[in-house]
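Engineer:
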Amino acid sequence: NWTMARFLDQEIARIRDLVGPEGQVLGAVSGGVDSTVAAKLMKEAIGDRFWAVLVNNGVMRLDECEQVERDLKQHLGINLTVVDASKDFLEGLKGLHDPEQKRKFIGGKFIDVFEAEAEKIEKAAEQSGKGTKIGFFLQGTLYPDVIESLSFKGPSATIKTHHNVGGLPERMTNGQGLQLIEPLRSLYKDEVRELGRTLGIHEELVMRHPFPGPGIAVRILGEVTEEKVRIARQADHIFISEIRKAGLYDQISQAYAAVDPSRAVGVMGDKRVYGYIIILRAVTTTDFMTAEAFNFPWEFLQRVMNRIVNEVNGVCRVTYDITSKPPGTIELE
Ligand code: XMP
């Protein structure tokens, strides 16, 4: 009979067999459930012969890069390199208003930064004495992704350019001649979470909401500026902290605070102010193809509104997006 512990043992044996006693593996991680579980599995199978790379693209959430580094390096013992390319990303995002252009830029830049780092790591790996040169590329593909790419493209995939689907694996396998390893390709999301628990990954990480590759850049309508990134981060942090405090995190599939670049007039103290509008979004869904807005208690929304207008400089209004999907998508762009 099938158990997660047995699946794990078999998968570790299969990877050891495939990679051999000397082979080395490269992979990108984001801090999300799938890439973290895949990375921890590699760590268990081949130790430091697995090399993980995290690219800081400047549009991750508040303190997220540091948090992911702590989780993966210290808590999970993964051989991780963090590349801080945030300045380059933010610089390149200047003047881009169109959602597709923003996505294309972030996806393309991500591949460039990753490839440059991969070269350095390949050299380091060769000289490390841990094994031979890197011959494999890890990808945290799940069963639903496999089905989607085989049969039809879901609305998100066709309407938007998902830079983590295609792109990098293609470049690493066909371009760099690395062999693809996809240990999660027979699993559904809830099975990946279960596998994560079996691997000793802590519950908060295992239950993390999905986060898009282009990050908060698709949660800032129009042009991304450093000021708007700061506002989106602070407001999002308040919203998510209050959701956790209220014990609602696991009832919600995805939640975030977005920035509307048009500004509204308000009055704070005895002063007239002109500030950005925050859009809160929280949805429940099983497959991310359709979704419903989460039904918060009114007092909860008031508490979040009060904290955001008081604590986040430059914001004078807070709205809650009640649109279902369809017609709305989960992200704003
Ligand atoms: P939408 O906005 O299309 O999102 O309803 C459905 C799910 O996909 C995520 N999403 C992305 N994930 N790169 C990603 O890695 C992307 O470009 C991207 N766009 C949307 C979104 O967060 C939601 O979980």
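This note's numbering runs 725 ahead of the 1-based position in the sequence shown. The beta-carbon is built from N, C-alpha and C at its ideal position, and this holds for glycine as well.
1. Per DSSP, which one or two residues make a beta bridge with Arg1006?
2. Taking a contact to mean a Cβ-Cβ separation below 8 Å, would you say Asp985 touches Leu1026 in this structure?
3. Return the chain-ordered ranges of every beta strand (DSSP E) run that is complete within the stretch 743-768 and spans a minimum of 3 residues.
4. How long is the line joining the alpha carbons of Leu912 and Gln735, rounded to whole angstroms?
5. Which term fits Arg918, buried or exposed, when burial requires 16 or more other beta carbons within 10 angstroms of its beta carbon?
6. May I ask you to report which of helix, strand or coil DSSP gives Met785?
7. Quick one: what does DSSP say Glu1056 is sitting in, helix, strand or coil?
8. Examine the ligand XMP and report whether any of its heavy atoms sits within less than 7 Å of the Cβ of Arg828.
9. By the three-class DSSP mapping on this structure, what secondary structure does Phe862 have?
10. Are Ile803 and Ala777 closer than 8 Å when you measure CB to CB?
11. Assuming the contact rule is C-beta atoms closer than 8 Å, His934 and Gln979 should be a hit. Round their C-beta distance to whole Å, please.
12. With respect to 7 Å, is the separation between the Cβ of Ile965 and the closest non-hydrogen atom of the ligand XMP below this value?
13. Please look up how many angstroms separate the CB atoms of Glu794 and Leu815, rounded, as I've assumed it's under 8 Å.
14. What residues in its chain sit with their C-beta under 6 Å from that of Val784, if we drop five residues either side in the sequence?
15. Does the Cβ of Arg731 have 16 or more other Cβ atoms within 10 Å, making it buried, or fewer, making it exposed?
16. Check the C-beta distance from Val1040 over to Ile1003 and give it rounded, since I have them as a contact under 8 Å.
17. For Gly1034, which residues of its own chain have a beta-carbon under 7 Å away from its beta-carbon, when the five flanking residues on both sides are left out?
18. Consult DSSP for Met993 and reduce its assignment to one of helix, strand or coil.
19. Just the Cα atoms here: how many angstroms apart are Arg974 and Val990?
20. So, for Ala821: in the same chain, excluding its five sequence neighbours on each side, which residues have a beta-carbon less than 8 Å away from its beta-carbon?
21. Among residues of its own chain, excluding the 5 on either side of Leu867, which ones have a beta-carbon nearer than 8 Å to its beta-carbon?
22. When you compare only the Cα positions, how much space is there between Leu787 and Arg958?
23. Please return the same chain residues whose Cβ sits closer than 8 Å to the Cβ of Ile968, not counting the five positions on each side in sequence.
24. How long is the line joining the alpha carbons of Asp1046 and Glu769, rounded to whole angstroms?
Structural biologist: Reading it off the structure:
1. To locate residue 1006, count along the sequence shown from 1; it is residue 281. According to DSSP, Arg1006 bridges with Tyr981.
2. For the purposes of this step, residue 985 is taken as residue 260 along the sequence shown, with counting starting at 1. For the purposes of this step, residue 1026 is taken as residue 301 along the sequence shown, with counting starting at 1. In this structure, Leu1026 does not lie closer than 8 Å to Asp985 by Cβ.
3. 749-754
4. For the purposes of this step, residue 912 is taken as residue 187 along the sequence shown, with counting starting at 1. For the purposes of this step, residue 735 is taken as residue 10 along the sequence shown, with counting starting at 1. Roughly 14 Å between the two C-alpha positions.
5. In the sequence shown, the residue the question calls residue 918 occupies position 193. The residue in question, Arg918, is buried, as its Cβ has 16 or more Cβ neighbours within 10 Å.
6. For the purposes of this step, residue 785 is taken as residue 60 along the sequence shown, with counting starting at 1. Met785 falls in the coil class under three-state DSSP.
7. Here the question's residue 1056 lines up with position 331 in the sequence shown. DSSP places Glu1056 in coil when its eight states are reduced to three.
8. Residue 828 sits at position 103 when you count from the first residue of the sequence shown. Yes; taking the cut-off as 7 Å, the Cβ of Arg828 has a heavy atom of the ligand XMP nearer than that.
9. Within the sequence shown, residue 862 is the residue found at index 137, counting from 1. Reduced to three states, the DSSP call for Phe862 is strand.
10. Position 78 of the sequence shown, counted from the start, is the residue given in the question as residue 803. Position 52 of the sequence shown, counted from the start, is the residue given in the question as residue 777. Their beta carbons are under 8 Å apart, which means Ile803 touches Ala777 by this criterion.
11. Translated into the one-based positions of the sequence shown, residue 934 becomes position 209. Translated into the one-based positions of the sequence shown, residue 979 becomes position 254. The pair is a contact, with the Cβ atoms about 5 Å apart (cut-off 8 Å).
12. The residue you call residue 965 lines up with position 240 of the sequence shown. Flag unset: Cβ of Ile965 not near the ligand XMP.
13. Translated into positions along the sequence shown, residue 794 becomes position 69. Translated into positions along the sequence shown, residue 815 becomes position 90. Contact doesn't hold; Cβ gap of about 20 Å is too wide.
14. On the sequence shown, residue 784 is found 59 positions in, with the first residue counted as 1. Cβ neighbours of Val784 beyond the five flanking positions: Gly940, Ile941 and Ala942.
15. In the sequence shown, the residue the question calls residue 731 occupies position 6. Counting Cβ neighbours within 10 Å, Arg731 comes out exposed, since fewer than 16 surround it.
16. Counting from 1 along the sequence shown, the entry for residue 1040 is found at position 315. Counting from 1 along the sequence shown, the entry for residue 1003 is found at position 278. Confirmed, Cβ separation roughly 5 Å.
17. As a working mapping, residue 1034 is identified with position 309 in the sequence shown. Note on residue identity: the sequence assigns Val, not Gly, to residue 1034. Excluding sequence neighbours, Val1034 sits near Val1040, Cys1041 and Val1043.
18. The residue you call residue 993 lines up with position 268 of the sequence shown. Strand.
19. In the sequence shown, the residue the question calls residue 974 occupies position 249. In the sequence shown, the residue the question calls residue 990 occupies position 265. First, the residue type needs correcting, since residue 974 is Tyr and not Arg in the sequence shown. When rounded, the distance between both Cα atoms is 32 Å.
20. Within the sequence shown, numbered from 1, the residue matching residue 821 stands at position 96. A small correction: the amino acid at residue 821 is Leu; Ala does not occupy that position in the sequence shown. So the qualifying residues of the chain are Lys827, Phe830, Glu948 and Val949.
21. Position 142 of the sequence shown, counted from the first residue, corresponds to residue 867. Hits under 8 Å: Asp759, Leu909, Arg910, Leu912, Tyr913, Lys914 and Val917.
22. Counting from one through the sequence shown, the residue named residue 787 turns up at place 62. Counting from one through the sequence shown, the residue named residue 958 turns up at place 233. Taking the straight line from one Cα to the other gives about 5 Å.
23. Within the sequence shown, residue 968 is the residue found at index 243, counting from 1. Correct list, in chain order: Tyr974, Ile977, Ala980 and Ala1007.
24. To locate residue 1046, count along the sequence shown from 1; it is residue 321. To locate residue 769, count along the sequence shown from 1; it is residue 44. Distance between the alpha carbons of Asp1046 and Glu769: 42 Å.
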